[in-house]
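Take a look at the structure below.
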Amino acid sequence: TQATFDNLKGTDAKVDAFLNLNEAAALKQAAELDAKGIDPDNLLAGIPVAVKDNIVTKGLTTTAASKMLENFVPVYDATVVEKMQAHDMIIIGKTNLDEFAMGGSTENSAFKTTKNPWDVSRVPGGSSGGSAVAVAAGEVPVAFGSDTGGSIRQPASFNGIVGMKPTYGRVSRWGLIAFGSSLDQIGTMTRNVKDNAAALNIIAGNDVKDGTSSKREVPDFTAGLTGDIKGMKIALPKEYMGDGIDPKVRDVIKAAVKQFEDLGATVEEVSLPHSRYGVPAYYIIASSEASSNLQRFDGIRYGFRADDVKNLEDVYVRSRSEGFGDEVKRRIMLGTFSLSAGYYDAYFHKAGQVRTLIINDFNKVFENYDLIIGPTAPTPAFKLGDEISDPITMYMNDVLTIPVNLAGLPGMSIPAGFADGMPVGLQLIGKSFDESTLYKAGYAFE
Ligand code: GLN
């Protein structure tokens, strides 16, 4: 733990992955663990981990990278944090993100700009950019993130690491600061597949505090890692390899297809015809849910309150105007509009119907295939400053990851190659609750 902090201070000055370090408490926990002795069956005991700063940690400031929560110290732990602690994992600190996880470059953080360690003039992706960089820069071997529309997988792709968004319901959302509640999932970010499976083993499972968490049994995700995927049936959607995908990214994915075939799997082209409607449907659903979830930040109960307020309305209006950043305000306005009387049917309801079509597309493919593959993101990491002024371009970055959240499926990004010297991720999409097949295929591939 001491070595982790010693190393991290030099590295983080260059990449700015962390918002807040947990040094005193982590060293104390490590000393206690030394005294108690490590249980040899507990693989992850003493392992230093980083946690995205939208996952609440008791006694440790949790900001969601928003001025609104700049000084917020939670009074309870997220369920995933309790589980990490029960397994003697050591939380090193909290990582940077786009404010309230809204964004794809971590540039929407109210506090700092995280840099991609492969090229510090480029973005780390987002919104779990800090967690991805903490792993990619060698600061910690395991980090936890959240994924509402790609926020684990896209930064994993941009940083050359493994990122898993589990099936909706696989991991408790208790203590995850809510963004789009029907889409949000906490997941694992690591340097390789086996570590990832071991980390998901710890955090998965039913939780009475999250009514959407599943009661399904949790398998040992490290169990199927044999390297043998002979006979596996893999689908490649043609929509994931078409216009808008950087040709160099396509070349990496074509080489990956060849590698899967060499391993004895079959890869066939399929169609997900409604995937092109994923981005517009997602931005209506996610923003509508966000507009509702973010009502609690009213300047009264907790969080930021504007100075010199004159009356109640002034508390609400000024606290929210000054506490939220531009992207968050954009989503609140879009979401409030989509949910309002007179527009609900045309927008929110319609987006829900589109979501069903997207789910049906996936179900149809999974009648005949074990797994879907494609790129995680249309491009490698772009330059800092390049897309932040153009929200639509930024939103299109998640065109390949968003359908997976709309359908609640597990999705994983694993390193597959390079384009222009930057890492390119391969996305694996599985059947509901079939993370094991993703790990099996990913392990054989890496
Ligand atoms: N980039 C997407 C958005 O801005 C996804 C974010 C996420 O998964 N948290 O909404």
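Counting from 26, one number per residue, gives the positions in the sequence shown under full-length UniProt numbering. A virtual CB, placed ideally from N, CA and C, is assigned to each residue, including glycine.
Is any heavy atom of the ligand GLN found at a distance shorter than 7 Å from the C-beta of residue i?
i	result
Asp423	yes
Gly433	no
Thr173	yes
Met127	yes
Ala311	yes
Ser176	yes
Ser317	no
Gly169	The sequence shown places Phe at residue 169, rather than the Gly named in the question. Outside the cutoff, so no.
Ser152	yes
Phe407	no
Phe246	no
Phe204	yes
My output table needs one value for residue i: the three-state DSSP class, helix, strand or coil.
i	result
Val292	strand
Arg198	coil
Ser180	In the sequence as presented, Ser is not what sits at residue 180; that position holds Pro. Correct three-state label for Pro180: helix.
Val105	helix
Met437	strand
Met127	coil
Asn45	strand
Lys408	strand
Phe329	coil
Asp276	helix
Asp399	Note on residue identity: the sequence assigns Gly, not Asp, to residue 399. Note: Gly399 maps to strand in three-state DSSP.
Ser171	strand
Leu451	strand
Val429	helix
Asn336	coil
Phe387	helix
Thr87	coil
Met257	coil
Using C-beta distances below 7 Å, list every residue in its chain close to residue i, excluding the 5 sequence neighbours before and after it, in chain order.
i	result
Gly328	Met93, Leu94, Phe97, Phe322 and Gly348
Thr462	Asp395, Leu396 and Gly455
Asp332	none
Ile270	Pro400 and Pro403
Pro244	Ser461
Pro191	Gln210, Gly212, Leu225, Ala229, Pro435 and Glu460
Glu412	Ser130, Thr418 and Met419
Thinking C-alpha only, which one of the options is nearest residue i?
i	options	result
Tyr302	Pro428, Gly174 and Ser130	Pro428
Val178	Leu434, Phe470 and Asp113	Note on identity: in this sequence residue 178 is Arg, with Val being the wrong assignment. It is Leu434.
Ser176	Ala111, Asn79 and Leu250	Asn79
Ser206	Asn217, Tyr193 and Met214	Tyr193
Gly350	Glu132, Val449 and Gln27	Glu132
Glu107	Gly150, Gly151, Lys234 and Glu412	Lys234
Val76	Leu33, Gly150 and Val165	Val165
Val424	Gln110, Tyr265 and Thr381	Tyr265
Ala311	Arg355, Lys53 and Leu382	Arg355
Asp415	Ile384, Asp59 and Glu352	Glu352
Asn121	Ala159, Leu85 and His112	Ala159
Leu453	Ala223, Arg330, Ser438 and Asn45	Ser438
Val105	Lys279, Pro99 and Ile227	Ile227
Glu314	Glu412, Asp220, Glu242 and Phe125	Phe125
Asp268	Met421, Thr138, Gly128 and Ile413	Met421
Pro440	Pro180, His374 and Leu337	Pro180
Gln110	Thr86, Asp123 and Gly71	Gly71
Ala222	Thr237, Asp232, Gly236 and Leu250	Leu250
Please state if the CB of residue j and the CB of residue i are separated by a distance shorter than 8 Å.
i	j	result
Phe285	Glu460	no
Ala135	Asn318	no
Leu201	Ser171	yes
Val74	Ala168	yes
Lys119	Val40	no
Gly212	Ile254	no
Ala157	Met114	no
Ala432	Ala376	no
Ser239	Arg198	no
Val145	Ser130	no
Leu382	His299	yes
Val334	Arg345	no
Gly155	Phe30	no
Arg241	Phe458	yes
Ala51	Thr26	yes
Leu208	Asn388	no
Ile398	Leu451	yes
Thr426	Gly174	yes
Is residue i close to chain B? Criterion is C-beta to C-beta, closer than 8 Å.
i	result
Gly367	Absence of chain B from the displayed structure is noted, only one protein chain being present.
Which same chain residues end up closer than 6 Å to residue i when comparing Cβ atoms and leaving out the 5 residues on each side of it in sequence?
i	result
Thr291	Lys258
Phe218	The sequence shown places Val at residue 218, not Phe. Val187, Tyr464, Gly467, Tyr468 and Glu471, listed in sequence order.
Leu297	Pro262, Glu264 and Asp386
Lys273	Ala444
Leu46	Gly118
Return the chain-ordered list of same chain residues with a C-beta closer than 8 Å to the C-beta of residue i, the five sequence neighbours on each side being excluded.
i	result
Trp143	Ala161, Asn184, Gly185, Ala406, Gly446, Met447 and Pro448
Ala55	Thr26, Gln27, Gly71 and Ile115
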